[in-house]
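J.:
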Amino acid sequence: MNIQHYKQRLLDLEKTLSARIGREADQGRGEFIDSAHDVGDASVADEVASEVFTEAEHNADVLQQVRDALGRVADGTYGTCIVDGGPIEEPRLEALPWTRYCLKHAQRLEVAASSRTPTL
Ligand SMILES: [Zn+2]
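For the sequence shown, the numbering used here assigns the number 20 to the initial residue and increments by one for each residue that follows.
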C-alpha cells in the first residue's frame with residue numbers, strides 16, 4: 020500500500036473541508052441576518068441558517084475523521100481495521116481514505132446503526 024498517496028489525499032481533503040466549513044459558517048450567518056431583516060420573520064431565517072449549519076456540521080464531522088486518519092498515518096496504523104486489525108481493502112481506501120473499518124465491519128456497523136448516517 021502506498022501510504023504517501025493516501026496521506027496526500029487526506030491532506031488535500033483537510034484543506035478542502037476546512038475552506039468549505041469556513042465559507043458555510045459565513046454564509047449561514049449572512050443569510051440569517053439578511054433574511055431576518057428583509058422579511059421580518061426570524062423563523063424563516065432560522066430554517067435557512069440551520070440547513071446551512073447542518074451541512075457544515077457534516078463537513079466538520081468528516082474533517083475530524085480525516086484528521087484522525089492523518090494521526091494513524093503518523094503512528095503507522097493507517098489502513099488497518101480498528102475492529103480486527105486486518106487490512107482495509109484498497110478500493111475502499113480510495114473511496115473513503117479516512118475510513119477506520121474494513122468492508123466487513125463497516126457493513127455490520129451500518130446494520131447496527133441503520134438510522135444514523137452511513138458508517139464510513
Ligand atoms: Zn475489520
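The beta-carbon is built from N, C-alpha and C at its ideal position, and this holds for glycine as well.
(1) Could you have a look at threonine 99 and say whether DSSP puts it in helix, strand or coil?
(2) Can you give me the start and stop residues for the alpha helix (DSSP H) that proline 110 sits inside?
(3) Give a single yes or no on whether valine 102 has its beta carbon closer than 7 Å to a heavy atom of ligand 1.
(4) Kindly give me the distance between the Cβ atoms of proline 106 and glycine 95, rounded to whole angstroms, as I take these residues to be in contact under 8 Å.
(5) State the Cα-Cα distance for the pair alanine 125 and glutamate 74, rounded to the nearest angstrom.
(6) Alpha carbon to alpha carbon, what distance is there between proline 110 and proline 116?
(7) Is glycine 98 a contact residue of ligand 1, with contact defined as CB to any heavy atom under 7 Å?
(8) Mind checking alanine 88: buried by the 16 CB within 10 Å criterion, or exposed?
(9) Pull up the distance between the alpha-carbon of asparagine 21 and that of arginine 42, whole angstroms please.
T.: In short, the structure shows the following:
(1) Residue state, collapsed to three classes: strand.
(2) For proline 110, the enclosing alpha helix (DSSP H) begins and ends at 109-114.
(3) Because some heavy atom of ligand 1 lies under 7 Å away, the Cβ of valine 102 counts as near it: yes.
(4) Contact flag wrong, Cβ pair sits at about 13 Å.
(5) One C-alpha to the other measures close to 23 Å.
(6) Answer to the nearest angstrom: the Cα atoms are 9 Å apart.
(7) No - ligand 1 has no heavy atom lying nearer than 7 Å to the Cβ of glycine 98.
(8) Buried, because 16 or more other Cβ atoms sit within 10 Å of the Cβ of alanine 88.
(9) Using only the alpha carbons, I get a separation of about 32 Å.
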